[in-house]
Amino acid sequence: KESDYLECRVMNLLIATFYNNSMFGELFEMLRAIKTSSFDCFIYMINHPELYSKRIKKIIKNFEKETTEDLFDSWQEAHDFVLDPTVINQYIGGDMGTNELLVSRALLFNEFKDVSDLMFDSVKGSLEEKNLLTQECANYLFELKAFLTMQKKDPLIKTKTVKSALFKYDFEEIRKANYHIDPNSLPVLDIPLNFDFFHDENQQKHISNQIKLYEHHVHGLGKLLQNSNLNMFFRRFNKSTRQMERQ
1 KESDYLECRV MNLLIATFYN NSMFGELFEM LRAIKTSSFD CFIYMINHPE
51 LYSKRIKKII KNFEKETTED LFDSWQEAHD FVLDPTVINQ YIGGDMGTNE
101 LLVSRALLFN EFKDVSDLMF DSVKGSLEEK NLLTQECANY LFELKAFLTM
151 QKKDPLIKTK TVKSALFKYD FEEIRKANYH IDPNSLPVLD IPLNFDFFHD
201 ENQQKHISNQ IKLYEHHVHG LGKLLQNSNL NMFFRRFNKS TRQMERQ
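Using full-length UniProt numbering, read the sequence shown as starting at 1 and increasing by one per residue.
Here it is, written out as structure tokens:
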């Protein structure tokens with residue numbers, strides 16, 4: 001059925017945005033550590049559209065519209081359409097043939113706050129259904145969300161800027177564990193630590209080169225995301241020496 005196909009395509013978009021290429025890899029490592037399914041969070045997300053912001057709803061609605069425009073009732077109808085000289089010329093001219101997955105993924109990438117809200121709300125909702133959302137988990141999710149925002153929001157702009165924030169967990173130690181952390185056994189710091197977030201020189205050069213490579217492409221950001229390792233874009237971090245001096 002068309003509705004089943006459409007639901008699968010939307011799920012594909014969500015997984016491409018949230019799961020693939022490390023956007024929220026740290027969050028999924030936590031879920032593995034407490035032995036619960038990451039995919040269940042996507043099922044929860046699909047089943048709770050009330051969690052979607054207006055912007056996300058608009059992006060998904062447009063994605064669904066563009067997806068269904070490519071569907072035909074019969075093989076003959078599809079055959080006649082693609083061989084129509086007018087249609088062929090429109091594809092050649094770039095007026096048709098939009099890759100809706102690339103476009104929608106790029107649009108969602110630029111809405112990190114809304115995307116992060118949706119991902120973390122879905123994780124919390126899924127854990128709550130399983131009676132796994134302890135206070136320790138909730139506290140860690142709150143901190144992790146803020147941490148990932150510092151590291152991954154708008155990573156392609158202001159690459160020479162250093163940002164700082166305080167956290168109640170030692171994320172350098174958490175990184176050493178590859179974020180495979182059970183919050184229920186994770187100590188909370190008595191004195192929060194200040195962390196700096198920054199792009200190193202190699203990242204600055206890499207980001208500049210990638211933007212130049214794709215800036216004239218019809219789906220520039222979408223192609224960049226498809227063909228890049230996003231870990232090369234996300235900010236590095238370390239404990240702030242300034243914070244240590246203040247202590």
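In this text, a Cβ means the ideal position worked out from N, Cα and C, and glycines have one as well.
- A direct Cα-to-Cα measurement between Leu156 and Ile60 gives close to 23 Å.
- In the three-state reduction of the DSSP assignment, Phe167 falls in the strand class, which pools E and B.
- Taking 3 residues as the shortest admissible run, the segment 202–245 contains the following complete beta strand (DSSP E) segments, listed from N- to C-terminal end: 236–239.
- Around the beta carbon of His217, fewer than 16 other beta carbons sit within 10 angstroms, so the residue counts as exposed.
- In the three-state scheme derived from DSSP, where H, G and I count as helix and E and B as strand, Leu193 is classed as strand.
- Remark: C-beta atoms of Leu118 and Ile56 approach each other more closely than 8 Å.
- In the three-state reduction of the DSSP assignment, Phe24 falls in the coil class, being assigned neither a helical nor a strand state.
- For the pair Leu14 and Phe42, the CB atoms are nearer than the 8 Å cut-off.
- DSSP links Phe198 through a beta bridge to Arg236.
- Going by beta carbons, Ser122 and Met232 fall outside the 8 Å limit.
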